[in-house]
Structures are given as structure tokens and as C-alpha cells.
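In the numbering used here, the protein residues as written are 662 to 1034.
For reference, the structure is listed below as C-alpha cells.
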Ligand code: UT7
């Protein structure tokens, strides 16, 4: 019996802090006209105090679980794709797991920059298809505003913060994630990078003085690379899934630049009416951009059950990839109302208390075992 990995839940979370092009023009030598004409971006949202990759990710995850009518306790695996994790370790995925109270889930982060959501989707789908798990949460979550040099006009105009989540569930009905293309070319690693803060160049007063803890990018080269690989990855993913490009209802691309998306669509001979774009309002949210665009298109009724979709991404690494999927929606048998979502605030109090109790038990155990030694 074949197993399929269906996308059965979805959610997004963006911070409250709105930053318009005019606001940025007060900070660096740029203008709304330049940013809009070169990128298509009008505004973006920036995380404030108390908001971070894990908090945005957890919000999106709970919404996605609610749509799928799946309890956090039924999640087997959480993958958080991010380039702006809470820490080098522990994984942001573990912090999300704690925040949503997913007591039986494994969790790990996936680092493939803006392509990460594509790869995470494929990894989760593979784990479901092999029978190793039943239910996965796949998140793209970023607070890249924390890695942006707000004095560098070539990068600070682009990025925004946000998170998107999909629930994937096993089913014997055909559909869901059908194929995937994953590629990398590390020879272009220097084109888009945060040079310091890792093992090669640990943080030091010098790296901070030289601004090496900020995003550095060769925009023109990334642009050229992106337009080339988006066509190739989209065609390959569609072909592997047995779809012609005419049969693809929606292309949902990484939201980096309106001109990149339009060039790729033109090369694919796909009209822009079949391409989902929302970067004008959110900017480039890196690995969160594909789920942010997808969820908007589902919520406003553009994407319907049965639609065939290609998700396509590219980014630092260099990395690129695409996933072809058939959209289905929540599984029909999942009719039950799951209690956390009815009493959302109460549930959040419960997960905080649960986390505190676990910390307290660990503390007590530590004291007891410490004495015995
Ligand atoms: O998720 C992947 C992340 N990265 C990307 O997707 C980036 C892909 N690249 C791009 O989107 C574009 O290359 C940018 C939007 C970053 C830049 O657009 P561009 O049309 O490639 O501009 P450019 O770098 O060729 O620069 C053109 C001019 C330069 O001036 P000169 O040398 O011609 O006098 C820049 O100094 O525009 C200048 N410039 C600006 N002017 C006003 C660069 N940034 C700005 C700015 N405001 N913010």
C-alpha cells in the first residue's frame, strides 16, 4: 500500500513592527521609488522585544495544527528551517517543541537559507512515506532583521521577519508532496553570507568592528543565479511528478525580488496570474517566504483542493530546489475538535507551566543525583 504525505494544516505569524520604504529612507541613502522599482517591496515586518524565531514559529505551528485538527501531542517530528536560529544550539526546533507542548516529537533545525523550506518539506514527506512517522510539522521561521546591518542600503531594504508552518500527515489517498529537486553549489558560498560567529571566524571584537556578524551579499550575482535555477528546478520537479507546466495551477516561489520572479515566470512561459507574489507587503523573509505566500493564497481562496503546485526556492549556499505537490487540505477523517485551540490562552499557560515543571523536576533530580555522587 502506497503512503502519501499530505499538507493538511497551515499557519503564519508576522511580527507587529511595520517598516515602510519611507522609514528606511530615513535611515540610509535610498528612496521608496528605488526600492519599489528594483525589488517590488513596499514594506516589511520587524520583530520587536520578546519576539524571536521560536516565538513566531510556535505561533505559526499552533495555527497549522488547528487547521489540521491535530493535537501537539500527536506530532512526531518538528523541522525548523531557519538562518536566524535562536542560538547556535540548542536547535530552535526544540524550543518550538517546548513552546507548543509537543511532548512526543523529535526536533531539529535545517540550514539551507532561503531554500530551506523546500528541503524541510521533502525531508518530512520522505519520513512519512517510509512509514517512520505519521505527522510532521515543517516550519520556515526567520528574524533576519537581527542579522541585518541597518547602515547597509544594499541589504537592509530587502529582508523582513516572519514564520510559516505546514502540517504533513500520512494518508493512502494519492496527493500531497509528489516530487522534489534539491541542489547546491558551495563555490558560490561567499555571494551571500554572515561571515563571523561560526567556527571559522568566531565572534571577536575585530569581527564586530568589521561588521562580519552582518549579512553580506553580492546582489547582482545572486540575481543572475536565481533567474537561471528557478526555471530549471521548477521544470524538473513538475516533470518528476508527472505534471506538464500547463497543468501546474500555481507556482509559489521564494519571495526575494519581483524582477527575479517575473524573469523566471517569463522563461517558464507561465503567466504571472498563476504565480503567487506577496513580497510587496512582507519583503524577503528568506525560508519563511514560501509558506507565507502559500498560506495567503490558501486563505484568500486562490489555492483550492486538487490544485497542482510547484514551490521553488533559491538562496545562500548556494542552494536551490523545488517541490511539486497536489493540494488537498485537512484529512477528511480528522473531524474532531482538539482542545488546545478552543482554549488557546489556557493552552499557552499550560505549555509554560509544563516547561517550568520539567525544569523544576530536572533541578530536583540534579540535587538528588549531585548528593549521591
Ligand atoms: O533570498 C535571496 C536573497 N538575495 C536576493 O535575492 C538578492 C538578489 N538581488 C537583488 O535583488 C538585486 O541585485 C538588488 C535589489 C539587491 C539590487 O538591485 P540591482 O538592480 O542589482 O542594483 P545594483 O546592485 O546593480 O546597484 C545599482 C546601483 C548602484 O549604484 P551605481 O554603482 O550604479 O552608481 C548601487 O550603489 O544602485 C545603488 N544602490 C542603491 N541606490 C539606492 C544599491 N542599493 C541601493 C539602495 N538605494 N538601497
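No residue lacks a Cβ here, since even glycine has one placed at the ideal position from N, Cα and C.
Pick from the options: whose alpha carbon is nearest that of residue i?
{"i": "residue 677", "options": "986, 943 and 935", "result": "943"}
{"i": "residue 819", "options": "985, 947, 764 and 936", "result": "947"}
{"i": "residue 777", "options": "674, 794, 802 and 669", "result": "802"}
{"i": "residue 731", "options": "829, 699, 935 and 924", "result": "829"}
{"i": "residue 885", "options": "859, 852, 868 and 983", "result": "852"}
{"i": "residue 696", "options": "920, 779, 667 and 795", "result": "920"}
{"i": "residue 993", "options": "807, 667 and 662", "result": "667"}
{"i": "residue 874", "options": "813, 927, 928 and 932", "result": "813"}
{"i": "residue 837", "options": "969, 703 and 964", "result": "969"}
{"i": "residue 932", "options": "901, 923 and 939", "result": "923"}
{"i": "residue 911", "options": "958, 888 and 940", "result": "958"}
{"i": "residue 967", "options": "834, 883, 806 and 733", "result": "834"}
{"i": "residue 827", "options": "1018, 791 and 953", "result": "953"}
{"i": "residue 883", "options": "849, 867 and 779", "result": "849"}
{"i": "residue 685", "options": "783, 928, 987 and 806", "result": "806"}
{"i": "residue 842", "options": "934, 887, 1022 and 898", "result": "898"}
{"i": "residue 960", "options": "663, 662 and 671", "result": "671"}
{"i": "residue 749", "options": "858, 824, 808 and 702", "result": "858"}
{"i": "residue 721", "options": "938, 825 and 786", "result": "825"}
{"i": "residue 699", "options": "1019, 941 and 962", "result": "941"}
{"i": "residue 973", "options": "888, 727, 725 and 866", "result": "888"}
Which residue comes first and which comes last in the alpha helix (DSSP H) that contains residue i?
{"i": "residue 723", "result": "714-729"}
{"i": "residue 699", "result": "693-700"}
{"i": "residue 686", "result": "682-686"}
{"i": "residue 868", "result": "866-870"}
Starting from residue i, follow the beta strand (DSSP E) in both directions and report where the run begins and ends.
{"i": "residue 705", "result": "704-707"}
{"i": "residue 807", "result": "Note, residue 807: premise wrong, no beta strand (DSSP E); not H, not E."}
{"i": "residue 738", "result": "738-742"}
{"i": "residue 1043", "result": "Only positions 662 to 1034 of the chain appear in the structure, and residue 1043 is not among them; the question remains open."}
{"i": "residue 977", "result": "Per DSSP, residue 977 belongs to no beta strand (DSSP E) and is neither H nor E."}
{"i": "residue 844", "result": "837-845"}
{"i": "residue 711", "result": "Run containing residue 711: none; DSSP gives neither H nor E here."}
{"i": "residue 827", "result": "823-832"}
Only counting the same chain, and skipping five residues up and downstream in sequence, which positions put a Cβ closer than 6 Å to that of residue i?
{"i": "residue 804", "result": "708, 713, 714, 745 and 822"}
{"i": "residue 781", "result": "740, 742, 771 and 799"}
{"i": "residue 955", "result": "913"}
{"i": "residue 981", "result": "776, 844, 890, 894 and 975"}
{"i": "residue 846", "result": "979"}
{"i": "residue 950", "result": "915 and 916"}
{"i": "residue 719", "result": "757, 760 and 761"}
{"i": "residue 681", "result": "704"}
{"i": "residue 901", "result": "840"}
{"i": "residue 930", "result": "none"}
Cutting at 7 Å between CB atoms, please list the residues of its own chain near residue i, excluding the five before and the five after it.
{"i": "residue 1012", "result": "760, 761 and 762"}
{"i": "residue 811", "result": "688 and 817"}
{"i": "residue 904", "result": "969 and 985"}
{"i": "residue 662", "result": "833"}
{"i": "residue 1015", "result": "762"}
{"i": "residue 872", "result": "810"}
{"i": "residue 808", "result": "745, 855, 875 and 876"}
{"i": "residue 755", "result": "768"}
In chain order, what residues of the same chain lie with their CB nearer than 8 Å to the CB of residue i, ignoring the 5 residues before and after it?
{"i": "residue 752", "result": "741, 746, 768, 769 and 770"}
{"i": "residue 1005", "result": "723"}
{"i": "residue 815", "result": "878 and 880"}
{"i": "residue 774", "result": "744, 853, 947, 948, 976, 977, 978 and 980"}
{"i": "residue 734", "result": "762, 763, 764 and 765"}
{"i": "residue 795", "result": "735, 737, 789, 830 and 831"}
{"i": "residue 783", "result": "838, 841, 843, 982 and 984"}
{"i": "residue 683", "result": "693"}
{"i": "residue 862", "result": "856, 868 and 873"}
Compute every distance between the C-beta of residue i and the non-hydrogen atoms of the ligand GTP, then say whether any falls below 7 Å.
{"i": "residue 884", "result": "With respect to the ligand GTP, the structure offers nothing, as its ligand set consists of the ligand UT7."}
Against chain C, with Cβ distances strictly below 8 Å, would residue i count as a contact?
{"i": "residue 790", "result": "Among the chains in the structure shown there is no chain C, since it carries only a single protein chain."}
At 3 residues or longer, and completely inside the segment 900-967: list those beta strand (DSSP E) runs for me, N to C.
Segments of the beta strand (DSSP E) lying fully in the segment 900-967: 911-914.
query = In the segment 757-798, which residue ranges form an unbroken alpha helix (DSSP H) of at least 4 residues, counting only runs that do not cross its ends?
reply = Listed in chain order, they are 777-790.
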